[in-house]
Amino acid sequence: ENPNTLSTALVKIAYGLIAGGTEAEIKERQKSSVRGLRSLGIFDPKKASQLAAQSMDNNGRVSKRVVQAAAGWDLFNPWAKYFQVFSTHPLPAKRIQRLNGQCATYGVPVEYDFSEARIIKEQQVGKSMVGEFITDIFIKQLPTFIFIILVGMTAIWILGLIGLISIGTLTTLNNLILLWAIGFFIMGLGVIGRTSFMYRSGFEPSNIVELITNIKVSPIRAVPAIIEGKIIGKGIPGYYFGEDLYFQDNTGLMYIDYRFGIRLVDFFLGSLES
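Residue numbers (our numbering): 58 to 331.
As structure tokens, then:
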């Protein structure tokens, strides 16, 4: 009869848990400005919206402010809503909010209040992230947009060919072939541009703490980073052909969605090297 019991369990499981360990390990985690964070994507980690973090205060307990900071991506990043559409599970922060709403019914105080999450978000990215989201979607779908335009122009060409509309001398087959040739060339440039934007240079030393607390990240707007740690297991435990991994440094644990760029190559890398 206490929703906080479930929300606390959800924070520990969905947002990861690194409580315990030696005193030296705890002190090492405390060196970070937001202390020991980690991610544990048990809610379909490939969807990215399930990235989460957890931290301890000086007594080794969960830091509520850090939970709010970690929840900022789930609550305010437009990509979270995008991925929620394709996910079978609600985002962890959304679940906790629902549980918080039940606390009044049972007459208990809210354990994890997200009242400061918006302030933390605005300190990082300002009032709105809609502009960045629209840019990301445009870059992500640019080749698709070009292909749709080509299909539309082909439909116009066919209507002109059968005489339903007049497009003059453009009804020749050579013009259609030229149109698609130019279209594929532009699509290729779009793919190159998208790849350059997604996998940009400028790698700098970082750690999982800093990456997890960055609300502005997206599948298109990545953060080039160099982190040191160790691989501790497969992304999907027991799946031999899985190419994805779990990576750990001295601040936390992160799900690594390894991508070469070609799914078939990803499969062979997963079975031979991962």
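Glycine is no exception: its CB is placed at the ideal position from the N, C-alpha and C atoms.
Query	Result
Roughly how many angstroms separate the alpha carbons of Ile277 and Ser64, rounded to a whole number?	31 Å
Check this for me: beta carbons of Leu233 and Thr211, under 8 Å apart or not?	yes
I'd like to check one pair, Asp301 with Tyr315: are the Cβ atoms closer than 8 Å?	yes
Just to confirm the assignment, what range does the beta strand (DSSP E) spanning Gly290 have?	Lys287 to Lys291
What's the C-alpha gap between Gly259 and Thr226?	50 Å
Could you name the residues of the same chain whose beta carbon sits closer than 8 Å to that of Leu207, not counting the 5 residues immediately before and after it, in chain order?	Leu236, Trp237 and Gly240
How big is the Cα-Cα spacing for Met311 and Tyr303?	6 Å
Counting Cβ pairs, one atom from each stretch, are 3 or more of them under 8 Å apart for the segment 213-223 and the segment 245-256?	no
Got a sec, what are the start and stop residues for the beta strand (DSSP E) Phe260 sits in?	Segment: none, Phe260 is in no beta strand (DSSP E) and carries neither H nor E.
Assign Thr270 to one of two classes, buried (16 or more other C-beta atoms within 10 Å of its C-beta) or exposed (fewer than that).	buried
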